[in-house]
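**Q** In this note's numbering, the protein residues as written are 5 to 667. We put the CB at the ideal spot given by N, CA and C, even for glycine. Just so you know, these numbers come straight off a predicted model, no measurement behind them.
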Amino acid sequence: MTSEQQQQHFQKLLDLLRQEKEADHRSFLQLVRENPLSARVEQGYTWYPLNVLNTGFALGDKAFVVVERTTHLNEPHQLRAGQAISLFTNAVNEDQPEKQGVINYVERNRMKIILNARDVPDWLNAGHLGVDMLFDDRSYREMERALEAVMKARGDRLAELRGALCATPPQNKGNQHHDISLIPSEVAPHLNDSQRHAVKSILQNRDVAIIHGPPGTGKTTTLVAAIKELTQTESTVLVAAPSNTAADLLTERLAEQGLNVVRIGNISRVDDSVLQHTVDALLAAHPEAKNIKKLKIEAAEYRRQSRRYKRSFRSEDRQERNQLKSQAKDLDVWARMLEDRIVEEILSGAQAIICTLVGAAHPLLDKRHFRTCVIDEAAQALEPACWIPIAKCSRVVLAGDPFQLPPTVKDLDAARQGLSVTLIERCLETLPEHVCLLTVQYRMHQAIMGFSNQYFYNGALVAHDTVAERELPNAAISEASVSFIDTAGCGFEERLQESPTALHRNPSRFNPEEALLVREHLMQLLQNYAYLETPDIKSVELLPSIGVLSPYREQVNHLEDIFREDPVLAPLFLSGKAAISTIDGFQGQERDLIYISLVRSNDKHEIGFLQDYRRMNVAMTRARMVLVVIGDSATIGQNKFYQEFLDYCGEYGAYRTAWEFMR
Numbered sequence: 005m006t007s008e009q010q011q012q013h014f015q016k017l018l019d020l021l022r023q024e025k026e027a028d029h030r031s032f033l034q035l036v037r038e039n040p041l042s043a044r045v046e047q048g049y050t051w052y053p054l055n056v057l058n059t060g061f062a063l064g065d066k067a068f069v070v071v072e073r074t075t076h077l078n079e080p081h082q083l084r085a086g087q088a089i090s091l092f093t094n095a096v097n098e099d100q101p102e103k104q105g106v107i108n109y110v111e112r113n114r115m116k117i118i119l120n121a122r123d124v125p126d127w128l129n130a131g132h133l134g135v136d137m138l139f140d141d142r143s144y145r146e147m148e149r150a151l152e153a154v155m156k157a158r159g160d161r162l163a164e165l166r167g168a169l170c171a172t173p174p175q176n177k178g179n180q181h182h183d184i185s186l187i188p189s190e191v192a193p194h195l196n197d198s199q200r201h202a203v204k205s206i207l208q209n210r211d212v213a214i215i216h217g218p219p220g221t222g223k224t225t226t227l228v229a230a231i232k233e234l235t236q237t238e239s240t241v242l243v244a245a246p247s248n249t250a251a252d253l254l255t256e257r258l259a260e261q262g263l264n265v266v267r268i269g270n271i272s273r274v275d276d277s278v279l280q281h282t283v284d285a286l287l288a289a290h291p292e293a294k295n296i297k298k299l300k301i302e303a304a305e306y307r308r309q310s311r312r313y314k315r316s317f318r319s320e321d322r323q324e325r326n327q328l329k330s331q332a333k334d335l336d337v338w339a340r341m342l343e344d345r346i347v348e349e350i351l352s353g354a355q356a357i358i359c360t361l362v363g364a365a366h367p368l369l370d371k372r373h374f375r376t377c378v379i380d381e382a383a384q385a386l387e388p389a390c391w392i393p394i395a396k397c398s399r400v401v402l403a404g405d406p407f408q409l410p411p412t413v414k415d416l417d418a419a420r421q422g423l424s425v426t427l428i429e430r431c432l433e434t435l436p437e438h439v440c441l442l443t444v445q446y447r448m449h450q451a452i453m454g455f456s457n458q459y460f461y462n463g464a465l466v467a468h469d470t471v472a473e474r475e476l477p478n479a480a481i482s483e484a485s486v487s488f489i490d491t492a493g494c495g496f497e498e499r500l501q502e503s504p505t506a507l508h509r510n511p512s513r514f515n516p517e518e519a520l521l522v523r524e525h526l527m528q529l530l531q532n533y534a535y536l537e538t539p540d541i542k543s544v545e546l547l548p549s550i551g552v553l554s555p556y557r558e559q560v561n562h563l564e565d566i567f568r569e570d571p572v573l574a575p576l577f578l579s580g581k582a583a584i585s586t587i588d589g590f591q592g593q594e595r596d597l598i599y600i601s602l603v604r605s606n607d608k609h610e611i612g613f614l615q616d617y618r619r620m621n622v623a624m625t626r627a628r629m630v631l632v633v634i635g636d637s638a639t640i641g642q643n644k645f646y647q648e649f650l651d652y653c654g655e656y657g658a659y660r661t662a663w664e665f666m667r
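The structure is reproduced here in structure tokens:
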């Protein structure tokens, strides 16, 4: 792109991002803020009334409150860890009856809130307390700020990276693969050739390296090896991902390699397994932590005492109040100085700092610059979000697979105009010479891999010898590695959720007969194991791991009802041996046996968002040993993708009819 084209590109991104923000805000207002308190409570967007269980101080100038709801106990709700909220009181005669904050955690009927204030409000014990969900526009603000900075960049490293990442697509791509035979094996010897090639590309490219990692090809393993190599020559590597789940996984994997890692971000969104690596935990473990806490408590007490004096008071009272406020300020400054010094030690000693893309805008990272930034799962990230960490580095590594789940864009018009096109997708087209494709997959049987390999990856993938012929363990059974069970002609019609609750304003589809067919197939398979003789949690250990997936939330709800009420199958789910989930919720996981219930069955051949083939690629590649897809060929067979899958099952797997399982 020319400079003018670059400016046009980023201005369009900025306009589309603002359009998305407005659509998101409108939706929020319709669902939440425009409803009365009683409706918000019923719909799960508000907790009211509440009791206060505890108060205290968190990292920085922040107080926390632990509250408990007293009505609607154990009922479902929409409030989650990391959600922006307003803590309010309906008590009369309060000047400022509202304080904003972020949910730290939610446990059944209890909630911990980190307030955007140094003290808890005076009205906390006045009663009539509630918590309201707020529209959180922080991510939008940080993305807008990043785009504006990129557009303004002139004559610096950010401007150079902007130019490098906005290259014009080559006229004739040809074969862009490098000669991996020249890559020395001493670089991460446990890796295969394509992985070692990717590591070398990351180490040697001055501007950008792109790692295309299809399912099961060891993308995370490759990135961890590369980051470990980078720490040999760089003081700290910035590692970012669009989701907290992906950031937590990288934190865990890097820590396992013995690296000193620090996880930046709101601890409410961090998995328990990596809490020990967060700034909060590292600060709390420091010998000075008790002194800092003591100073904050004393400062809060002085501020509380100063508020005893009202607007009209004597001069000696005014002097006393000012003295109390001055003492509180001095203690706050002292606490902050101690805290800042310890945090600086923690960050300066880190070999890798891990955060989400938006988390890269955390104040702790404001004045830090990094030689290299590694962005994992870049195909799930909006381009504006990627520029937040890129602006803090001199070199960027993009890793991901654009043939898996895309980023979420709520405004369809913004998506159509290009907001859903990711940075890594653009770079795969414009910078093919910087792309390293990982080609050996270590997860699934070659027959399970085969369809995705043909359809998405031009046959470039190879199943490693250790997985190519994987079969179900401990069973005298000959189950095809890939099978399609056809419900055509059986009358298994899809249904629309009849009475959508307030928690689910968008009706979802389900297919109860198809759900029963999943159960019947699983029961027949389990007959090959001793489990059916003693269906308890102990016997579960002999079974393969199982995943039951569907693109439709209501089908997942229906499957959960069926399986958890079944005395034979319930132990599988109670023990964690089996899981039921939407496809989106299951990304990053895998199981020995995967069922996919497609749901759609209608005379109009409508398949809805089954047309998102990337989502289906994710679902099909979760299986290690056996993949069973259940659907109506008469409905889905009009579509080229699904017709090719049906043909594939007929040639390389099993094509069965639902009549075989009907009693």
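Quick check on DSSP: helix, strand or coil for cysteine 653?
**A** Within the sequence shown, residue 653 is the residue found at index 649, counting from 1. The answer is helix: DSSP assigns cysteine 653 an H, G or I state.
**Q** So, under 8 Å CB-CB, alanine 171 and leucine 361 are touching, yes? Tell me the CB distance rounded to an integer number of Å.
**A** Your numbering for residue 171 matches position 167 in the sequence shown. Your numbering for residue 361 matches position 357 in the sequence shown. Not a contact, Cβ separation roughly 22 Å.
**Q** Would the beta-carbon of isoleucine 89 fall within 8 Å of that of methionine 137?
**A** Residue mapping note: residue 89 aligns to position 85 of the sequence shown, counting from 1. Residue mapping note: residue 137 aligns to position 133 of the sequence shown, counting from 1. Taking 8 Å as the Cβ cut-off, isoleucine 89 and methionine 137 qualify as a contacting pair.
**Q** Where are the beta strand (DSSP E) runs, 3 residues long or more, that stay fully inside the region 477-551, in chain order?
**A** Counting whole runs of 3 or more residues, the region 477-551 contains the beta strand (DSSP E) stretches 486-490.
**Q** Give me the Cβ distance between isoleucine 215 and leucine 442, rounded to the nearest whole Å; I'm assuming they're in contact under 8 Å.
**A** By one-based count along the sequence shown, residue 215 stands at place 211. By one-based count along the sequence shown, residue 442 stands at place 438. At roughly 7 Å, the Cβ-Cβ gap stays under 8 Å, so isoleucine 215 and leucine 442 are in contact.
**Q** If we count Cβ pairs, one from each stretch, closer than 8 Å, do we get three or more for the region 574-586 versus the region 513-524?
**A** no
**Q** Cβ of arginine 257 within 8 Å of Cβ of threonine 226?
**A** Residue mapping note: residue 257 aligns to position 253 of the sequence shown, counting from 1. Residue mapping note: residue 226 aligns to position 222 of the sequence shown, counting from 1. In this structure, the beta-carbon distance from arginine 257 to threonine 226 does not fall below 8 Å.
**Q** Cutting at 7 Å between CB atoms, please list the residues of its own chain near glutamine 331, excluding the five before and the five after it.
**A** The residue labelled residue 331 in the question sits at position 327 within the sequence shown. Excluding positions up to five away in sequence, the list reads Tyr306.
**Q** Taking DSSP as the reference, what is the three-state secondary structure of proline 53?
**A** In the sequence shown, residue 53 corresponds to position 49, counting from 1. Correct three-state label for proline 53: strand.
**Q** Would you mind stating whether leucine 57 and threonine 50 have Cβ atoms separated by less than 8 Å?
**A** Here residue 57 corresponds to residue number 53 of the sequence shown, with the count starting at 1. Here residue 50 corresponds to residue number 46 of the sequence shown, with the count starting at 1. It is not a contact, given that the beta carbons lie outside the stated cut-off.
**Q** Thinking C-alpha only, which one of Asp469, Arg375, Gln9 and Asp651 is nearest asparagine 209?
**A** As a position in the sequence shown, residue 209 is number 205, starting the count at 1. Of the candidates Asp469, Arg375, Gln9 and Asp651, the one whose C-alpha sits nearest the C-alpha of asparagine 209 is Arg375.
**Q** Would leucine 386 and isoleucine 268 be called neighbours here (beta carbons separated by less than 8 Å)?
**A** What you label residue 386 is simply residue 382 of the sequence shown in a count that begins at 1. What you label residue 268 is simply residue 264 of the sequence shown in a count that begins at 1. Going by C-beta atoms, leucine 386 is not nearer than 8 Å to isoleucine 268.
**Q** Going by C-alpha distance, which of Ala251, Pro411, Pro53 and Leu328 is nearest asparagine 94?
**A** Numbered from 1 along the sequence shown, position 90 holds the residue referred to as residue 94. That would be Pro53, whose Cα lies nearest to the Cα of asparagine 94.
**Q** Expressed to the nearest angstrom, what Euclidean distance is found between the alpha-carbon atoms of alanine 27 and arginine 44?
**A** The residue labelled residue 27 in the question sits at position 23 within the sequence shown. The residue labelled residue 44 in the question sits at position 40 within the sequence shown. When rounded, the separation of the alpha-carbon atoms in alanine 27 and arginine 44 is 20 Å.
**Q** Check whether the region 420-436 and the region 630-649 are in contact - that is, three or more C-beta pairs closer than 8 Å.
**A** no
**Q** What's the gap between the Cα of threonine 668 and the Cα of phenylalanine 32?
**A** Past the edges of the chain, shown from 5 to 667, lies residue 668, and the structure says nothing about it.
**Q** Let me confirm a value: histidine 281 is counted as buried when at least 16 other C-beta atoms fall within 10 Å, else exposed. Which label applies?
**A** Position 277 of the sequence shown, counting from 1, holds the residue named residue 281. Counting Cβ neighbours within 10 Å, histidine 281 comes out buried, since at least 16 surround it.
**Q** Cα-Cα, which of Leu597, Pro291, Leu83 and Leu151 is closest to leucine 18?
**A** Locating residue 18 in the sequence shown gives position 14, where the first residue counts as 1. The option with the nearest alpha carbon to leucine 18 is Leu151.
**Q** Does chain C have any CB closer than 8 Å to the CB of valine 347?
**A** This model lacks chain C altogether, as it is built from one protein chain only.
**Q** Expressed to the nearest angstrom, what Euclidean distance is found between the alpha-carbon atoms of glutamate 655 and alanine 464?
**A** Working through the sequence shown from its first residue, we reach residue 655 at position 651. Working through the sequence shown from its first residue, we reach residue 464 at position 460. If I take the Cα positions, the gap works out to 20 Å.
**Q** For methionine 147, collect the residues of the same chain with a Cβ closer than 8 Å to its Cβ; drop the 5 residues on either side in sequence, then sort them by chain order.
**A** Stepping through the sequence shown from its first residue, residue 147 is reached at position 143. Here the set comprises Leu21, Val362, Leu386, Pro388, Ala389, Trp391 and Ile392.
**Q** Whole angstroms are fine: how far does the CA of arginine 84 sit from the CA of valine 106?
**A** Your numbering for residue 106 matches position 102 in the sequence shown. Your numbering for residue 84 matches position 80 in the sequence shown. Taking the straight line from one Cα to the other gives about 10 Å.
**Q** Between Arg557, His290 and Asn532, which has its C-alpha nearest leucine 546's C-alpha?
**A** As a position in the sequence shown, residue 546 is number 542, starting the count at 1. From the listed residues Arg557, His290 and Asn532, the smallest Cα separation to leucine 546 is found for Asn532.
**Q** For arginine 142, does the count of other Cβ atoms within 10 angstroms reach 16, so buried, or fall short, so exposed?
**A** Looking up residue 142 in the sequence shown gives position 138. So arginine 142 ends up on the exposed side.
**Q** Is it buried or exposed for threonine 74, if we count other Cβ within 10 angstroms and need 16 for buried?
**A** Indexing the sequence shown from 1 puts residue 74 at position 70. In this structure threonine 74 is exposed. Its beta-carbon is surrounded by fewer than 16 other beta-carbon atoms within 10 angstroms.
**Q** Does the beta-carbon distance from asparagine 113 to glutamate 72 come in below 8 Å?
**A** Within the sequence shown, the letter at position 109 stands for residue 113. Within the sequence shown, the letter at position 68 stands for residue 72. Yes. Within cutoff.
**Q** Determine the DSSP secondary structure at methionine 629, reduced to helix, strand or coil.
**A** The residue given as residue 629 occupies position 625 in the sequence shown. Note: methionine 629 maps to strand in three-state DSSP.
**Q** Under a three-way DSSP split, which group does glutamine 104 fall into?
**A** Within the sequence shown, the letter at position 100 stands for residue 104. Three-state DSSP puts glutamine 104 in a strand.
**Q** Exposed or buried, which one is arginine 399 when buried takes at least 16 other CB atoms within 10 Å?
**A** Counting from one through the sequence shown, the residue named residue 399 turns up at place 395. With 16 or more other Cβ atoms within 10 Å, it is buried.
**Q** Work out the CA separation of glutamine 384 and phenylalanine 488 for me, nearest whole Å.
**A** Counted from its first residue, the sequence shown places residue 488 at position 484. Counted from its first residue, the sequence shown places residue 384 at position 380. In this structure, the alpha-carbon of phenylalanine 488 lies about 29 Å from that of glutamine 384.
**Q** Between glycine 670 and glutamine 199, is the Cβ-Cβ spacing less than 8 Å?
**A** Absent from the structure is residue 670, since the part of the chain shown begins at 5 and ends at 667.
**Q** Using CA atoms only, rank isn't needed, just tell me which of Asp607, Asp405 and Ala467 is closest to asparagine 196.
**A** In the sequence shown, the residue the question calls residue 196 occupies position 192. It is Ala467.
**Q** Does leucine 91 come out as helix, strand or coil in the three-state DSSP assignment?
**A** Locating residue 91 in the sequence shown gives position 87, counting from the first residue. Reduced to three states, the DSSP call for leucine 91 is strand.
**Q** So within the region 251-320, which uninterrupted alpha helix (DSSP H) runs reach at least 4 residues, ignoring any that extend past its ends?
**A** 283-288 and 293-310
**Q** If the criterion is Cβ atoms closer than 8 Å, does the pair alanine 364 and lysine 396 meet it?
**A** Translated into the one-based positions of the sequence shown, residue 364 becomes position 360. Translated into the one-based positions of the sequence shown, residue 396 becomes position 392. Cβ distance < 8 Å, so alanine 364 and lysine 396 count as in contact.
**Q** Beta strand (DSSP E) containing valine 401: first to last residue?
**A** Reading the sequence shown from its first residue, position 397 is the one you call residue 401. 397-404 is the span of the beta strand (DSSP E), which, as asked, contains valine 401.
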